[in-house]
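Colleague: According to the UniProt record's numbering, the sequence shown is numbered sequentially starting from 1. Below is a structure I'd like to ask you about.
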Amino acid sequence: MTLHIDDVGLLILAVGLLVGYAVYKHTKAAAGAASKGDIVGAIAAAAAVITALFLLFGGGGSTSAGPDFRPAGHALASHQVSGVRST
(Lines of atoms letter the chains of each structure in order from A and count residues from 1; the text may use other names and numbers.)
(Lines give C-alpha, C1' and ligand atoms only; values in the text may rest on other atoms or scores of the structure.)
Protein backbone atom coordinates (compact mmCIF):
# COMPACT_ATOMS: atom_id res chain seq x y z
CA MET A 1 0.00 0.00 0.00
CA THR A 2 1.35 3.38 -0.99
CA LEU A 3 0.53 6.49 1.02
CA HIS A 4 0.63 9.71 -0.97
CA ILE A 5 1.40 12.86 1.03
CA ASP A 6 0.57 16.12 -0.70
CA ASP A 7 3.42 18.63 -1.17
CA VAL A 8 1.68 21.22 1.01
CA GLY A 9 1.08 18.64 3.74
CA LEU A 10 4.72 17.58 3.66
CA LEU A 11 5.85 21.18 3.91
CA ILE A 12 3.49 21.80 6.85
CA LEU A 13 4.85 18.73 8.63
CA ALA A 14 8.46 19.77 7.99
CA VAL A 15 7.87 23.31 9.31
CA GLY A 16 6.16 21.93 12.43
CA LEU A 17 9.01 19.53 13.11
CA LEU A 18 11.59 22.29 12.63
CA VAL A 19 9.74 24.55 15.07
CA GLY A 20 9.53 21.72 17.60
CA TYR A 21 13.26 21.06 17.25
CA ALA A 22 14.05 24.76 17.63
CA VAL A 23 11.94 25.00 20.81
CA TYR A 24 13.67 21.92 22.23
CA LYS A 25 17.14 23.31 21.49
CA HIS A 26 16.22 26.75 22.86
CA THR A 27 14.95 25.36 26.16
CA LYS A 28 18.02 23.12 26.45
CA ALA A 29 20.37 26.08 25.92
CA ALA A 30 18.42 28.34 28.29
CA ALA A 31 18.44 25.81 31.14
CA GLY A 32 22.13 25.00 30.86
CA ALA A 33 24.31 22.44 29.14
CA ALA A 34 23.81 19.71 31.76
CA SER A 35 20.00 19.79 31.69
CA LYS A 36 17.58 18.34 29.17
CA GLY A 37 15.33 20.43 26.96
CA ASP A 38 11.58 20.75 27.40
CA ILE A 39 10.31 17.90 25.24
CA VAL A 40 6.66 18.47 26.17
CA GLY A 41 6.89 22.14 25.19
CA ALA A 42 8.56 21.19 21.92
CA ILE A 43 5.86 18.66 21.06
CA ALA A 44 3.12 21.14 21.97
CA ALA A 45 4.73 23.87 19.86
CA ALA A 46 5.09 21.52 16.88
CA ALA A 47 1.49 20.36 17.20
CA ALA A 48 0.23 23.94 17.45
CA VAL A 49 2.19 25.04 14.37
CA ILE A 50 1.07 22.01 12.34
CA THR A 51 -2.55 22.57 13.35
CA ALA A 52 -2.46 26.29 12.55
CA LEU A 53 -0.82 25.78 9.16
CA PHE A 54 -3.20 22.93 8.34
CA LEU A 55 -6.17 25.18 9.09
CA LEU A 56 -4.69 28.09 7.12
CA PHE A 57 -3.73 26.15 4.02
CA GLY A 58 -6.56 23.63 4.07
CA GLY A 59 -4.41 20.53 4.24
CA GLY A 60 -4.48 20.06 0.48
CA GLY A 61 -8.00 18.64 0.43
CA SER A 62 -9.64 19.35 -2.90
CA THR A 63 -13.05 17.82 -2.31
CA SER A 64 -15.91 20.26 -2.53
CA ALA A 65 -19.20 20.04 -0.72
CA GLY A 66 -21.82 18.55 -2.94
CA PRO A 67 -25.51 19.33 -3.00
CA ASP A 68 -27.57 18.43 0.04
CA PHE A 69 -28.73 14.86 -0.47
CA ARG A 70 -32.13 13.87 0.88
CA PRO A 71 -34.04 10.80 -0.21
CA ALA A 72 -37.21 11.64 -2.14
CA GLY A 73 -40.44 11.59 -0.16
CA HIS A 74 -39.00 12.61 3.19
CA ALA A 75 -40.05 15.98 4.56
CA LEU A 76 -37.83 18.16 6.68
CA ALA A 77 -38.34 17.96 10.42
CA SER A 78 -39.59 21.58 10.52
CA HIS A 79 -42.44 20.70 8.15
CA GLN A 80 -43.34 17.67 10.22
CA VAL A 81 -43.51 19.67 13.44
CA SER A 82 -45.57 22.47 11.92
CA GLY A 83 -48.21 19.96 10.82
CA VAL A 84 -48.90 18.80 14.40
CA ARG A 85 -52.08 20.26 15.88
CA SER A 86 -51.92 21.74 19.36
CA THR A 87 -54.74 20.79 21.74
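C-beta atoms are modelled at their ideal positions from N, C-alpha and C, and glycine is treated no differently.
At what residues does the alpha helix (DSSP H) containing H26 begin and finish?
Modeller: 7–31
Colleague: Measure the beta-carbon distance from G20 to A42 and round it to whole angstroms, keeping in mind my assumption that it falls under 8 Å.
Modeller: 4 Å
Colleague: Please state whether the Cβ-Cβ distance between G16 and I39 is less than 8 Å.
Modeller: Judged by beta-carbon spacing, I39 lies beyond the 8 Å limit of G16, meaning their Cβ atoms are not closer than that value.
Colleague: Residues in its own chain within less than 6 Å of F57 by CB, not counting five upstream and five downstream?
Modeller: Same-chain partners within the cutoff: V8.
Colleague: Just how far apart, CA to CA, sit H26 and A44?
Modeller: 14 Å
Colleague: Using the beta-carbon count (16 or more within 10 Å), is I5 buried or exposed?
Modeller: exposed
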